[in-house]
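What follows is one structure encoded as structure tokens, with my remarks underneath.
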Amino acid sequence: MPTYEYKCTQEGTVFDVWQEVGSEAPPCPTCGAPTKKVFRPTRTIFKGSGFYLTDTRAEAGVGKSDAAPPTPPPAASDSKSD
Ligand SMILES: [Zn+2]
């Protein structure tokens, strides 16, 4: 579940809330006034979900396998000492 940051429209108090995507803004925990969602990149998203790491590793793997040829050259098996 992602963490959202909300700011109180009355006092400007900022607080974090863990909730589902698309949930409505909760009232201020201290005064009960309506709050507005604050958008900012949080490190919590990086740590919490492993999606980002998995994605990067998958891409790196594709690039590596492309650079190294998987099959050896056929000329090597052809050279026999007769
Ligand atoms: Zn408040």
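Position one of the sequence shown corresponds to residue 10 (my numbering), numbered consecutively onward.
Using N, Cα and C, we set each Cβ at its ideal position, and we do this for glycine too.
Would you tell me roughly how many angstroms separate the C-alpha atoms of residue i and residue j, rounded to the nearest one?
i	j	result
Phe24	Pro38	8 Å
Pro11	Val30	7 Å
Lys16	Gln28	15 Å
Glu33	Gly41	14 Å
Glu20	Tyr13	18 Å
Ala84	Ser90	13 Å
Thr22	Pro43	11 Å
State yes or no: is the C-beta of residue i within less than 8 Å of the C-beta of residue j?
i	j	result
Pro35	Val47	no
Thr4	Lys45	Residue coverage of the chain in this structure runs from 10 to 91, which leaves residue 4 outside it and unanswerable.
I'd like the span of the beta strand (DSSP E) that includes residue i, first residue to last.
i	result
Val47	Thr44 to Val47
Cys37	Unbroken run through Cys37: none, as it is neither H nor E.
Asp25	Val23 to Trp27
Thr12	Thr12 to Cys17
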